[in-house]
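Report on the structure given below.
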Amino acid sequence: MANFLHLNGSNGLTGSAQQPNGSVPIGASLTATPDANPWLSSSGEFAFGFQQVQGKDNFLLSIWYEKIPNKTIIWYPEGGPTMSPGSKVDLVDRRGLVLSDPQGKEVWSSDSISDLAYGYMNDTGNFVIVGRNSRNIWESFDHPADTMLPTQVMDRGGVINSKMSQMNFTGGRFQLRMLQDGNLVLNTRDMITGSPDNDYYISDTRDATNSTNSGDQLIFDAKGYMYISRRNGVRSNLTQDSIPSGDYYHRATLDSDVAIYRDNQCWKKQLPLQNGYKDPAFNVKALLKFRKIDGPPETRENKNGTEDKSRRSLIFIGSALLGMSMLVIVVLIVLIYVCFFQIQKKKAVNLPSNATVETILPRFTYQELVKATNGFKDELGKGAFGIVYKGVIGTKIVAVKRLEGVLQDGLKEFKNEANTIARTHHKNLVQLLGYCDEDLVAKGLTYLHEDCTNQIIHCDIKPQNILLDDYYNAKIADFGLAKLLMINQSRTNTGIRGTKGYVAPEWFRNTPVTFKVDVYSFGVLLFEIISCRKSVVFEDDTEDAMVLTDLAWDCYQEGRLDEFVDNDLEALNDFEKLTTYMMVGLWCVQENPSMRPTMKKVIQMLEGGIEVTEPPCPCPISVTSY
């Protein structure tokens, strides 16, 4: 969400040759350690340095509000790179601020190409680098992160990006931009639609008939007014009230629930409200519930216990995410790979007699056969659809035939062979001891998508719709929302179907959907099984939440799979399989449906029949230039 921190402060640096209090000399440096002292402004209100990311060992180079308990961060470098302990930031002549990792590799710099005199942490929250000619060479105000402060100005072409989540400072899905045409807009970022950057707020300060009447700057002045200054000097107010006087810090936070109403149906939404944008094709109403702040504002006392009567400020944190995350996720989706770590540990069970191999013989897990054959090392022979390996089960030497690839003809041939041998008993014929057939949910979906005469899209794959019988066979249930396609039909137009947390993004784009929506749901389900978490994860002691697919990508990209499985030893003991399942899940939840694999390919990847390549970010985001 895009937050705006409103803070009353003194005027900026005026270019005096005299170094003010709070100045930082050339050659000064800071090291990322928990007890490192930051560079403070002269009043001590603001600090520049490394702040440890809550709950993690990493640090973020940032500017924060020093005199409030939660030390709110109001600036960080573009991309929000989190740094390992021992990283450094140096103030270097002709370079400015240079951020480097513990090995000395440069990660970010302000690139202030000029002869520098000193740096200065301003009492407005603006870090300034001053040249030897007493001019400001670089200012953090000119490179905002997700926050604006009083006295800050954003010119045409300026951009403020939301962060991905409360503890992930990479670029999020929303941005505030002052366009070259004079309009101020709030918009989503790079959604896979016909218009990837849909605005959900626009200031209408562009005058096509008179360019001098168009917007020029977004200004947040020292009195707390925020307005757009037009080129002719006229101002268009965005706020109606200034900062009230008083000995307190005033904080107004937009923490809201949203309801989407259409066609006599209502969906209640909570954070995170993702993928929202404005679309004339949607005839909906959005109802926002705001928390009302009653009672007198909270006072703050200084270290001596006396009230600080010399400073008053306002913090206004507004939610660009709420902006129009209104048409957002009821995220739908697909299935389950129920035989994960727990199910794979289960012993094979003798099934009652019936007509097929599945009910005649014991079922072995894949891991049991890997152990019996010592990793399928000793090859005895090869046929058209599989390879036979030597193995040992108990005290018996056995032959294990492994189907290579999941080609439909090969699968049928393999089952026919197993059924035939299972019904025969002779001293000169081999005896079939058992079978292994996993990925039952994935195979059920494959049947619906590819093997039925009419293709079926289930539309509501989730744990509650995956049932287990007495022998732990997974069964797909509840076809109440399923969509039956006609012969030769591969996609369909239909209203949103599914359950919040499992719904694929394309349901909200008013475009035809395919069986790939089930693949997306299967990916969410796979992550739930791996992590033992729900599809939406609420962070401790906050109302913020993280979608499980986003958490999966963050943990995979940053090498924190142990955190994703909550340090579960059973999962970590087979780290290679855990990594494979994570990669398969990330392929399944790609925002672009064309990048998701078919369920048949998912089975091949889960069984090791084909190599799983490195997945890209499920929600690719890049800043659009104007």
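Residue numbers are given in the working numbering: position 336 of the sequence shown equals residue 477, and the series is strictly consecutive.
Cβ coordinates follow ideal geometry from the N, Cα and C atoms, glycine included.
- A check of alpha carbon separations from Asp-198 across Ala-173, Trp-216, Trp-180, Leu-181 identifies Ala-173 as the nearest.
- Pairwise C-beta distances place the segment 303–319 in contact with the segment 211–223, as three or more of them are shorter than 8 Å.
- Residue pairing from DSSP places Gln-293 in a beta bridge opposite Phe-361.
- Judged by beta-carbon spacing, Tyr-530 lies within the 7 Å limit of Val-541, meaning their Cβ atoms are closer than that value.
- If you look at Lys-304, you'll find it isn't in any alpha helix (DSSP H); it sits in the beta strand (DSSP E) that goes 300–306.
- Membership of Trp-216 in the beta strand (DSSP E) is indicated by the continuous run 214–216.
- Apart from sequence neighbours up to five positions away, the residues of its chain that approach Gln-195 with a beta-carbon distance below 7 Å are Met-308, ordered along the chain.
- In the same chain as Pro-243, and ignoring 5 residues on each side of it, the C-beta atoms closer than 7 Å to its own belong to Ser-225, Gly-227, Ser-228, in chain order.
- Assignment of beta strand (DSSP E) within the segment 683–722, counting only whole runs of 3 or more residues, yields 686–688 in chain order.
- A Cβ-Cβ contact shorter than 7 Å links Ile-278 with Ser-253.
- If you draw a straight line from the Cα of Met-723 to the Cα of Gly-374, it is about 55 Å long.
- By the neighbour-count criterion, in which a residue is buried when 16 or more other Cβ atoms sit within 10 angstroms of its Cβ, Asn-515 is exposed.
- With fewer than 16 neighbouring CB atoms inside 10 Å of its own CB, Cys-673 falls in the exposed class.
- With respect to Pro-166, Tyr-259 sits close: the two C-beta atoms are nearer than 7 Å.
- Following the DSSP letters along the chain, one finds Leu-171 in no alpha helix (DSSP H) but inside the beta strand (DSSP E) bounded by residues 170–172.
- In this structure, the CA atom of Ser-182 is about 40 Å from the CA atom of Leu-689.
- For Ile-343, the enclosing beta strand (DSSP E) stretches over residues 340–343.
- Separation of the CB atoms of Asp-601 and Arg-638 is rounded to 7 Å, and the pair is thereby assigned contact status at 8 Å.
- When DSSP reads this structure, Thr-329 sits in a beta bridge with Phe-315.
- The residue from Ser-662, Ile-204, Asp-176 with its alpha-carbon nearest to that of Phe-187 is Ile-204.
- Nearest C-alpha to Leu-240 among Val-230, Asp-234, Ile-209: Val-230.
- Counting C-beta atoms within 10 angstroms of its own C-beta, Arg-701 has fewer than 16 neighbours from the protein chains shown and is therefore classed as exposed.
- For Lys-512, the enclosing alpha helix (DSSP H) starts and ends at 507–513.
- Closest in alpha carbon position to Asp-695, among Gln-193, Pro-756, Gly-575, Gly-299, is Pro-756.
- For Asp-231, the secondary structure class from DSSP, reduced to helix, strand or coil, is strand.
- Residue burial is scored here from C-beta neighbours: Leu-713 has fewer than 16 other C-beta atoms within 10 angstroms and is therefore classed as exposed.
- It is roughly 26 Å from the alpha-carbon of Ala-363 to the alpha-carbon of Leu-202.
- The beta-carbon separation of Thr-380 and Tyr-366, rounded to 6 Å, stays under the 8 Å limit for a contact.
- It is roughly 16 Å from the alpha-carbon of Pro-759 to the alpha-carbon of Val-743.
- A buried status is given to Phe-191, since no fewer than 16 other beta-carbon atoms sit within 10 Å of its beta-carbon.
- By a beta-carbon distance limit of 8 Å, Arg-276 does not contact Asp-357. Their separation comes to about 22 Å.
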